[in-house]
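See structure below.
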Amino acid sequence: MQRCVNVIGVGMSPFSPASLRREPTALVGETVRRALADAGLSAGEIGTVFAATGLMDGGTLQRALEPIGLGPVPLLRLPTSAADSRALMFQACRAIELGQAECALVLGVQDAPASLPGANGVLGQLGATAREYMARYRTRRETFAMVAVKARQHAQFNPEAVLNQALSLDQVLEAPLIAEPLTHPQFAWPSCGVAAVVLCSDEFARRRASGPKVRIIAQAQVTPAQVNLVPGSTFAAVGYENNVAAARDLYEQAGWGPQDVGVCELHDSSTLAELLLYEALGLCGEGSAEKLVEDGDNTYGGNLVVNPSGGLLSLGQAPTVSGLAQCIELVSHLRGSAGPRQVTDARIALQHQVGTDGTVLATLYQRE
């Protein structure tokens, strides 16, 4: 990375399952003000806005931002077809690294649920991959269910989560079957929300940021076309090799390894996805995700805490917001301000996102 990028302000609304809980323009204004206050900045100090706003059109977004006093700054709004928080964060970080921006507001608005995860036969594909994984490594179906139990245990302490009621293993296993062997609680379903993050350069942070700063120390992005997929395996169809490639590049950039990570937010679109990501991101060896889960090395008291927020399994999938919510969660742990969810002595955090087009973005954060 050419210039360091810092996260100095964050703000987020609670997630909701069907629509925003309040009028969108008011909620956007409130969330942005919260991020600015967290950064200790006035609206006039923002130099560029990067936004993905779901169904909210550009005119409505302008009206929502006008009362905040941002001024005549460049507003880069991603088209709906490419609008996800992965693309937002990547573009904003690149602008700061290249000197095109000193301080940027990154805004995600999901004002209506995205398409169901079952579109285009995705659920059936996930079920087939889960069955292949079970056959290859003799993994029990209970292991997948334990990931959902862990997600709800974490979400109990997250008031922003849609699903924050604890579930027992039996409740997960006995829930309606969606794609053998995966049941309903083992998928992340669509949700809505608003999130905002303030990013800045080191120079800007030294001049203006008075609060705690978290630095983005490495980012790696991999698109599906960059990886040679191995035919004959359902693992390829769910992007396993893309995740492996992104993690490898990320750790090489940072000069660190997965053993240095204390807290992680990853794209748990299903319990299968989370299990595969333990291995793809190097959090455990190939075929040993079941042991990691059974040993509790994905939760408090283990080697690292995965998805302390409850993850997408508890907050839901909101493509324009979910990645920003992951960033906000990790920043809170690195600052030591995560309350009852706080991961002890969190110093390095790993974020993993998957965009709407299958592009993977992996990011490492460090406490100042």
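According to our numbering, the residues represented by the sequence shown are 653 to 1020, in order. All C-beta atoms, glycine included, are put in the ideal place defined by N, C-alpha and C.
Bounding residues of the alpha helix (DSSP H) (the contiguous stretch that carries residue i)
{"i": "residue 894", "result": "892 to 906"}
{"i": "residue 1001", "result": "That residue, residue 1001, is in no alpha helix (DSSP H); its beta strand (DSSP E) goes 1000 to 1006."}
{"i": "residue 787", "result": "774 to 789"}
{"i": "residue 982", "result": "974 to 987"}
{"i": "residue 743", "result": "737 to 749"}
{"i": "residue 727", "result": "Segment 727 to 729 is the beta strand (DSSP E) holding residue 727; no alpha helix (DSSP H) there."}
{"i": "residue 697", "result": "Looking at the DSSP string, residue 697 is not in any alpha helix (DSSP H), and its letter there is neither H nor E."}
Span of the beta strand (DSSP E) around residue i
{"i": "residue 938", "result": "Unbroken run through residue 938: none, as it is neither H nor E."}
{"i": "residue 703", "result": "700 to 704"}
{"i": "residue 756", "result": "755 to 762"}
{"i": "residue 1040", "result": "Since the first and last residues shown for the chain are 653 and 1020, residue 1040 lies out of range."}
Chain-order list of residues whose beta-carbon lies under 7 Å from that of residue i (same chain, five-residue window excluded)
{"i": "residue 707", "result": "763, 764"}
{"i": "residue 818", "result": "804, 805, 808"}
{"i": "residue 710", "result": "729"}
{"i": "residue 941", "result": "927, 930, 931"}
Residue i in three-state terms, based on DSSP
{"i": "residue 711", "result": "helix"}
{"i": "residue 688", "result": "helix"}
{"i": "residue 835", "result": "strand"}
{"i": "residue 678", "result": "helix"}
{"i": "residue 829", "result": "strand"}
{"i": "residue 990", "result": "coil"}
{"i": "residue 928", "result": "helix"}
Within 8 Å, strictly: CB atoms of residue i and residue j
{"i": "residue 873", "j": "residue 1002", "result": "no"}
{"i": "residue 982", "j": "residue 917", "result": "yes"}
{"i": "residue 744", "j": "residue 699", "result": "no"}
{"i": "residue 990", "j": "residue 984", "result": "yes"}
{"i": "residue 866", "j": "residue 691", "result": "no"}
{"i": "residue 935", "j": "residue 781", "result": "no"}
{"i": "residue 892", "j": "residue 932", "result": "yes"}
{"i": "residue 738", "j": "residue 1005", "result": "yes"}
{"i": "residue 902", "j": "residue 750", "result": "no"}
{"i": "residue 748", "j": "residue 820", "result": "no"}
Sequence-distant residues of the same chain with beta carbon closer than 6 Å to residue i, five excluded per side
{"i": "residue 845", "result": "665, 667, 762, 970, 973"}
{"i": "residue 683", "result": "663, 665, 846, 848"}
{"i": "residue 862", "result": "692"}
Identity of the residues DSSP links to residue i by a beta bridge
{"i": "residue 948", "result": "Its beta-bridge partners do not exist; DSSP assigns none."}
{"i": "residue 798", "result": "BP columns for residue 798 are empty, so no partner."}
{"i": "residue 867", "result": "658, 1018"}
{"i": "residue 842", "result": "969"}
Residues of its chain near residue i, where Cβ-Cβ distance is below 8 Å and the 5 sequence neighbours each way are ignored
{"i": "residue 833", "result": "779, 782, 783, 786, 793, 796"}
{"i": "residue 828", "result": "835, 836"}
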